Every structure is written in structure tokens, then in C-alpha cells.
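Participant:
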Amino acid sequence: MADAPPAPADRRLHRYLRAPVAAWERLGLRARVTGLFALGALLLSVLMGGLSYYATSHFLVGDRINAAIKEAFAGRAAVEQRLVVVPPGQPVPNELNVVADLNAATGATTSVLYFRGTAYSSNSFTVSIGDLPEALRAMVRAGTPATQTFVLNNQPQVAVGVPLPTLDARYFAIFDLADLDHTLHVLALALVLGGLVTTLLGGVVGRMASGRALRPLSAVSRAAVAVARGDLDTRLRATTEDPDLRGLTLSFNAMVDQLQDRIERDARFASDVSHELRSPLTTIANTLNVLEAHAAELSPRARRALELLGADLRRFERMVAELLEMSRSDTGSADMSLEVVDAGELVRQSVSAGMRTLPTPVPPPAIWIDPVLDNVTLQVDKRRFERVMANLLENAALYAGGATRVAAEPGPDRRGRPTMVVAVEDHGPGVPLSERRRIFERFYRGQVAGRRGASTGTGLGLALVAEHVRLLGGLVGVEDAPGGGARFTVELPITDGEEPS
Ligand SMILES: Nc1ncnc2c1ncn2[C@@H]1O[C@H](COP(=O)(O)OP(=O)(O)OP(=O)(O)O)[C@@H](O)[C@H]1O
Ligand SMILES: [Mg+2]
Numbered sequence: 078m079a080d081a082p083p084a085p086a087d088r089r090l091h092r093y094l095r096a097p098v099a100a101w102e103r104l105g106l107r108a109r110v111t112g113l114f115a116l117g118a119l120l121l122s123v124l125m126g127g128l129s130y131y132a133t134s135h136f137l138v139g140d141r142i143n144a145a146i147k148e149a150f151a152g153r154a155a156v157e158q159r160l161v162v163v164p165p166g167q168p169v170p171n172e173l174n175v176v177a178d179l180n181a182a183t184g185a186t187t188s189v190l191y192f193r194g195t196a197y198s199s200n201s202f203t204v205s206i207g208d209l210p211e212a213l214r215a216m217v218r219a220g221t222p223a224t225q226t227f228v229l230n231n232q233p234q235v236a237v238g239v240p241l242p243t244l245d246a247r248y249f250a251i252f253d254l255a256d257l258d259h260t261l262h263v264l265a266l267a268l269v270l271g272g273l274v275t276t277l278l279g280g281v282v283g284r285m286a287s288g289r290a291l292r293p294l295s296a297v298s299r300a301a302v303a304v305a306r307g308d309l310d311t312r313l314r315a316t317t318e319d320p321d322l323r324g325l326t327l328s329f330n331a332m333v334d335q336l337q338d339r340i341e342r343d344a345r346f347a348s349d350v351s352h353e354l355r356s357p358l359t360t361i362a363n364t365l366n367v368l369e370a371h372a373a374e375l376s377p378r379a380r381r382a383l384e385l386l387g388a389d390l391r392r393f394e395r396m397v398a399e400l401l402e403m404s405r406s407d408t409g410s411a412d413m414s415l416e417v418v419d420a421g422e423l424v425r426q427s428v429s430a431g432m433r434t435l436p437t438p439v440p441p442p443a444i445w446i447d448p449v450l451d452n453v454t455l456q457v458d459k460r461r462f463e464r465v466m467a468n469l470l471e472n473a474a475l476y477a478g479g480a481t482r483v484a485a486e487p488g489p490d491r492r493g494r495p496t497m498v499v500a501v502e503d504h505g506p507g508v509p510l511s512e513r514r515r516i517f518e519r520f521y522r523g524q525v526a527g528r529r530g531a532s533t534g535t536g537l538g539l540a541l542v543a544e545h546v547r548l549l550g551g552l553v554g555v556e557d558a559p560g561g562g563a564r565f566t567v568e569l570p571i572t573d574g575e576e577p578s
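The sequence shown begins at 78 in our numbering and counts up by one.
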């Protein structure tokens, strides 16, 4: 079986790098900047720390070796003085004294003397000539003074070897480097700690710097959210002279200006069209009234045509009226007339007013007002609330045989502020999940409306409801009613004398 051809190296590398790169990109910009600052600080402290350690250890060790060499050569004089008097063929007299004296003369930790084939050590328990590095011994044996660092019993040492060829002697001075080693350890520890602190500081500086750098972006993001929410008067304040940020501010504001212009132009257009349609419509309606008054004189076919025309005209009139109302809130010219009203009374009155305007009579719904709302007053535009209730009751009458229950309950909203939730329930077919968002869009008509034939309704009713509720500072929604059917809810803030936000 043939092996699969190996993936090209760059593709394999790409595969290995993909996961960390993706994880890195998933981090927020701020986290990445912080990470880069910390990494930069770490690299810099590793570099600086490494260089400092190298230079310091190089200097200290070199210094120590130079001192050792000087001392060993000083000791050489003492060796000569002692050994020159030894008769040929004799060993070192009182060897311990000689090597101990050498220690004293040089300051070495241990002195090793090789004389006429015998080695003497000032501390033969711990150091013998065999412990010295072979390379060092060979060089001294060959007549060259030499130095070598080595480790003995886990302790760093430096040995200096000095030949005395005329006396057939070699002298080695061994210096313990443990204190130097300790100093270098402490230095390394201090550098590592310093590096860690620098890395941490780098991260903190990165976090602060990125926070400052991203502040304008946060402002842009907040402004964009406000614009998206419909607050088209939002603009960014040019608080800085920084040319990059000024450019961003100016272009953002120019974009919102244009957006606002365009939206206002569109809204004015719809408003102008609706206005322009009103007078010919009135003329047509008047003419139709005259014709209807003489309907008895018309042929059955002409009468039928007149009826169809009448139905369509009323639908058209209603649509123009609704469009006009909608465009008024679009252009911001919708007026609010706020009144302080009793919550329960408002609901009861709106239901009975709504029931009176229904195109086809249906049984009235049961009304339930939570006793908690008994003494609650609201500051609200009553006419708008009545329009909302009339629309919901009309829909219930058209699509569900009439509302069965209207309930008003207190409830905190998502931010915990006090609200009144008015629910209009029916036992009709309900609103399918897929339509629940769309039914509040303009001109959207759902499945149940389709079933009733295309001639009634325009799909503007709930869009107007949503608009009125928005102006009242509330929220509108739809869900399933407890026993099946639709339950439309209108959540109004209980501002109790304050302006609704
Ligand atoms: N109580 C209800 N039960 C079931 N579906 C409903 C109910 N109320 C509204 N709908 C659905 O929501 C759609 C949108 O309602 P909306 O009131 O906006 O328009 P419409 O009633 O079709 O026309 P109009 O502009 O004349 O009110 C309706 O076409 C219907 O499909
Ligand atoms: Mg409707």
C-alpha cells in the first residue's frame, strides 16, 4: 500500500499554526494589545537580564581568576624559599607546615604541592592531586603555568598551577568559588524577579494604553448603537485634535447626517404622498356617497360594482390615514398630549371605546384589573393608548372571533422599573412563531389574514401599534394565550407624573 504523499512543509506549518492563530484572533483587541505589551516587556527583560548576567558573571569570574593567578605566583616564591634548601633526594620536611604555609601565603583554600614524585595536600581529606583536572596537570607538567575552573564536591573551584622546573616541583593553588557562585545565583534570582515584575508592568501599561486608545472606538460603538436604536440625533463630539480620531469623528457624523437626511426625506415623501392623496380621495368618497344615495336607480351589476368600489375606497382611506399617522411619527412631528389617568380606568375606557369602533360586533371581553393597580396613576397619551387597544381588539375580532379577556397587571420591566402590562387574549388560531416578529412590520399580513381574502386590511395596524407603544415608552409583544389563541401584551412604564422616556 502506497503512503499518502507528505503535505508540503508550508501547508503543515499552516495547519499547526491555525489553532493558536485562531485562538489569538478570538481574543479581544484589548487583550491582544495587553498580551503584546507583556510579551514585549518579557522579551526585553530576558534580553537585558541575560546581557547583565553575562557581563557581570564574566567580569566577576575574570576578576577572581586574575586575583587567583596573582596570588598563586606570590605563593611560588614561598615554595621556592622552602624547597631550595631541601637536600637532593629528600622529601619535603614537615610537609604539613609547608603546604599550610602556602595556604597562608596565597589565601588559597587548598594548596597541593608535587615534589620529587610525591604530592602533598594542605587538606588531603578533601582534595588530592588526582582531583585536579587532568588537562591542567598536563600543562603544568609540561612547564606551562595554567588555570582551570572545575567542580569539586559540587562546589565550583578555580585551580592555578605553577611549575617550578628547577626544583622538580609543581605547585597548585585551589580557590573556592562558592561565594562568587552564590552572588551570581542571587543576581540571577533578582534578574528573574525583575523580569517578572517588568512583564507584569508591561501588561498593565498595555491594558491602560489600549483602554485609552480604544476609548474613541467605544464612543463610536455606543453612538452606532444609539443610531441603530433610532436616535438619529446622536453625534460624536470632536474632543481631540488627533488627526486620525478627528477624521473618524467627522466621517461618522457625516454618515449619520446623510442617513438622517435620507430617512427624513423618505418619511416626508410618504407624508406628502398621503397628504396629496387625501383631497382626491375626499372628492371620490363624496361622489361615491352621491352614487350610493341613488343606488336604487342603478342596475344590479352597477350596484355590485358600486359596492366593491365603496369597500375598496374605505380600505384605501384607512390606509392613507394610517400612512399619514405613521409618517407623522417618522418625521418626528407626532404630538403627545400627556394626561395623568387612573390605570384601571384607562384600560376599561379604552376597551369600551375600542369595542364601539369594531367593524363587526363581537361579544365583549372579560376585563380583569389587578387590585395592585387600583390606586396607580399613569402619565400617558390617552388617545394613543386607545388607538393601540382599538387595533388589538379589531384584530382579535377579525382573526379570532373577538377578544376573550383583557387583563392589566403590574410588573417590573427588564430593568426592574415598575410597569403596567395590558394583555389582550383571544381563542383564535394564534400567531405562528415564524410570524411573531414580522407581524409588527409595515404591510406584513400573516397567514390568517390571507385566509380571509386579500380585500380587507393593509398590514399597517400592528406596525402602528408598535409605533404608538414606542412613543409611550413601552414594549409590545405577542405570545400564546393560556387556553390557545393569541395574547398581545403592551408593557407601559408607570412614570406616575414624570415624562415617559
Ligand atoms: N389576534 C390575532 N390572531 C391571529 N393573528 C393575528 C392577530 N392579530 C394580528 N394577527 C396577524 O398579524 C397580521 C398583521 O396584523 P395587522 O393588524 O398589522 O394587519 P392587518 O390586520 O392584516 O391589517 P390592518 O392594517 O388593517 O390592521 C395579520 O395579518 C394577522 O395575520
Ligand atoms: Mg389589523
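The beta-carbon is built from N, C-alpha and C at its ideal position, and this holds for glycine as well. Model, not experiment: these values are computed from the prediction.
Could you name the residues, in chain order, whose CB is less than 5 Å away from a heavy atom belonging to ligand 2?
Facilitator: Matched residues: 472, 538.
Participant: Measuring only from the beta carbon, is residue 506 closer than 7 Å to any heavy atom that is part of ligand 1?
Facilitator: Taking the first residue of the sequence shown as position 1, residue 506 is located at position 429. At least one heavy atom of ligand 1 is nearer than 7 Å to the Cβ of residue 506, so yes.
Participant: With a cut-off of 8 Å on the beta carbons, I'd call residue 477 and residue 561 a contact; round off their distance for me.
Facilitator: Stepping through the sequence shown from its first residue, residue 477 is reached at position 400. Stepping through the sequence shown from its first residue, residue 561 is reached at position 484. About 10 Å separates the two Cβ atoms, so there is no contact after all.
Participant: Identify, in the order they occur along the chain, each residue of the same chain with its Cβ nearer than 8 Å to the Cβ of residue 487, setting aside the five sequence neighbours on each side.
Facilitator: Residue mapping note: residue 487 aligns to position 410 of the sequence shown, counting from 1. Only 447, 449, 450, 453, 495, 496, 497, 498, 571 meet the Cβ criterion.
Participant: Just verifying my parser: in three-state terms, what is the DSSP assignment at residue 97?
Facilitator: Your numbering for residue 97 matches position 20 in the sequence shown. Three-state DSSP puts residue 97 in a helix.
Participant: With DSSP collapsed to three states, give me the class of residue 575.
Facilitator: Within the sequence shown, residue 575 is the residue found at index 498, counting from 1. Confidence at residue 575 is low in this model, with a pLDDT of 45, below 50, so the placement of that residue should be treated as unreliable; the coordinate-derived value is given next. The answer is coil: DSSP assigns residue 575 none of H, G, I, E or B.
Participant: Does ligand 1 have a heavy atom nearer than 7 Å to the CB of residue 93?
Facilitator: On the sequence shown, position 16 is the one that residue 93 refers to. Result no, Cβ not under 7 Å from ligand 1.
Participant: Do you know offhand how far residue 288's Cα is from residue 468's?
Facilitator: Translated into positions along the sequence shown, residue 288 becomes position 211. Translated into positions along the sequence shown, residue 468 becomes position 391. If you take the alpha carbons of residue 288 and residue 468, they lie about 49 Å apart.
Participant: Could you please give the first and the last residue of the uninterrupted alpha helix (DSSP H) stretch that includes residue 145?
Facilitator: Along the sequence shown, one-based indexing puts residue 145 at 68. Element bounds for residue 145: 106-160.
Participant: What are the partner residues of residue 248, as DSSP defines its beta bridges?
Facilitator: As a working note, residue 248 is residue 171 in the sequence shown. BP columns for residue 248 point to 190, 239.
Participant: Excluding the 5 residues flanking residue 504 on each side, which residues of the same chain have their C-beta closer than 8 Å to its C-beta?
Facilitator: The residue labelled residue 504 in the question sits at position 427 within the sequence shown. Contacts found: 477, 478, 481, 558, 560, 561, 562.
Participant: Give a yes or no on contact between the stretch 354-374 and the stretch 418-430, applying the rule of three or more CB pairs nearer than 8 Å.
Facilitator: Judged by Cβ distances under 8 Å, the stretch 354-374 makes no contact with the stretch 418-430, as fewer than three pairs qualify.
Participant: Can you check the stretch 471-550 for any alpha helix (DSSP H) of at least 4 residues that lies completely inside it and give the ranges in chain order?
Facilitator: The stretch 471-550 contains these whole alpha helix (DSSP H) runs: 524-528, 538-548.
Participant: Where does residue 298 sit, in a helix, a strand or coil, going by DSSP?
Facilitator: Within the sequence shown, residue 298 is the residue found at index 221, counting from 1. It is helical.
Participant: Between the C-alpha atoms of residue 278 and residue 542, what's the straight-line distance to the nearest angstrom?
Facilitator: For the purposes of this step, residue 278 is taken as the residue at position 201 of the sequence shown. For the purposes of this step, residue 542 is taken as the residue at position 465 of the sequence shown. Taking the straight line from one Cα to the other gives about 56 Å.
Participant: Where do the N-terminal and C-terminal ends of the alpha helix (DSSP H) with residue 392 fall, by residue?
Facilitator: Counting from one through the sequence shown, the residue named residue 392 turns up at place 315. First-last of the alpha helix (DSSP H) with residue 392: 377-407.
Participant: Does the beta-carbon of residue 348 have 16 or more other beta-carbons within 10 angstroms, so that it is buried, or is it exposed?
Facilitator: On the sequence shown, position 271 is the one that residue 348 refers to. Buried, by the Cβ-count rule.
Participant: CA-CA distance, residue 297 and residue 329?
Facilitator: Working through the sequence shown from its first residue, we reach residue 297 at position 220. Working through the sequence shown from its first residue, we reach residue 329 at position 252. Cα-Cα distance, rounded: 8 Å.
Participant: Rank 231, 502, 456, 458 by C-alpha distance to the C-alpha of residue 583 and give the top, closest one.
Facilitator: Outside the modelled stretch of the chain, which goes from 78 to 578, sits residue 583, for which no answer is possible.
Participant: Report yes or no: do three or more beta-carbon pairs, one from the stretch 100-108 and one from the stretch 268-282, lie closer than 8 Å?
Facilitator: No: the two stretches stay apart, fewer than three of their Cβ pairs being nearer than 8 Å.
Participant: When the Cα of residue 470 is compared with those of 158, 222, 433, 492, which residue comes out closest?
Facilitator: Along the sequence shown, read from residue 1 onward, the residue named residue 470 stands at position 393. For residue 470, the nearest C-alpha among the options comes from 433.
Participant: Determine the burial state of residue 285: buried for a count of at least 16 other Cβ atoms within 10 Å of its Cβ, exposed for fewer.
Facilitator: The residue given as residue 285 occupies position 208 in the sequence shown. Answer is exposed; the Cβ neighbour count stays below 16.
Participant: At a threshold of 7 Å, does residue 522 count as lining ligand 1 (C-beta to nearest heavy atom)?
Facilitator: Counting from 1 along the sequence shown, the entry for residue 522 is found at position 445. Because some heavy atom of ligand 1 lies under 7 Å away, the Cβ of residue 522 counts as near it: yes.
Participant: Would DSSP call residue 658 helix, strand or coil?
Facilitator: Because the chain spans 78 through 578 in this model, residue 658 falls outside it and cannot be assessed.
Participant: When you compare only the Cα positions, how much space is there between residue 605 and residue 102?
Facilitator: It is not possible to answer for residue 605, since the shown part of the chain is limited to 78 through 578.
Participant: DSSP has residue 225 in a bridge; who is on the other side?
Facilitator: As a first step, residue 225 is located in the sequence shown; it is residue number 148 there, counting from the start. 236.
Participant: May I ask you to check if the CB of residue 468 is nearer than 7 Å to at least one heavy atom of ligand 1?
Facilitator: Taking the sequence shown and counting its residues from 1, the one referred to as residue 468 is at position 391. Indeed, a heavy atom of ligand 1 lies less than 7 Å from the Cβ.
Participant: Do residue 549 and residue 490 count as a contact pair if the criterion is CB distance below 8 Å?
Facilitator: Position 413 of the sequence shown, counted from the first residue, corresponds to residue 490. Position 472 of the sequence shown, counted from the first residue, corresponds to residue 549. Their beta carbons are not under 8 Å apart, which means residue 490 does not touch residue 549 by this criterion.
Participant: Check for me: the alpha helix (DSSP H) holding residue 335 runs from which residue to which?
Facilitator: Start at 1 with the first residue of the sequence shown, and residue 335 comes out as number 258. Run containing residue 335: 320-370, per the alpha helix (DSSP H) assignment.
Participant: Taking 7 Å as the cut-off, is the CB of residue 397 close to at least one heavy atom of ligand 1?
Facilitator: In the sequence shown, counting from the first residue as 1, residue 397 sits at position 320. No, ligand 1 has no heavy atom inside 7 Å of this Cβ.
Participant: Between 305, 484, 493, 244, which has its C-alpha nearest residue 580's C-alpha?
Facilitator: For residue 580 there is no data in the structure shown, the boundaries of the chain being 78 and 578.
Participant: When we look at the beta-carbon of residue 555 and count the other beta-carbons within 10 Å, is it buried (16 or more) or exposed?
Facilitator: Locating residue 555 in the sequence shown gives position 478, where the first residue counts as 1. Residue 555 comes out buried.
Participant: Distance check for residue 271 and residue 197, CA to CA, integer angstroms please.
Facilitator: Along the sequence shown, one-based indexing puts residue 197 at 120. Along the sequence shown, one-based indexing puts residue 271 at 194. Using only the alpha carbons, I get a separation of about 47 Å.
Participant: Among all the DSSP beta bridges, which residues are the ones paired with residue 451?
Facilitator: Taking the sequence shown and counting its residues from 1, the one referred to as residue 451 is at position 374. Answer is none; residue 451 lacks a bridge partner.
Participant: Would you mind giving the Cβ-Cβ distance between residue 403 and residue 518, rounded to the nearest angstrom? I have them listed as a contact below 8 Å.
Facilitator: For the purposes of this step, residue 403 is taken as residue 326 along the sequence shown, with counting starting at 1. For the purposes of this step, residue 518 is taken as residue 441 along the sequence shown, with counting starting at 1. About 12 Å; that fails the 8 Å criterion.
Participant: Given a cut-off of 8 Å, decide if residue 251 and residue 225 are closer than it, judged by their beta-carbon atoms.
Facilitator: Locating residue 225 in the sequence shown gives position 148, counting from the first residue. Locating residue 251 in the sequence shown gives position 174, counting from the first residue. Not a contact, by the Cβ cut-off of 8 Å.
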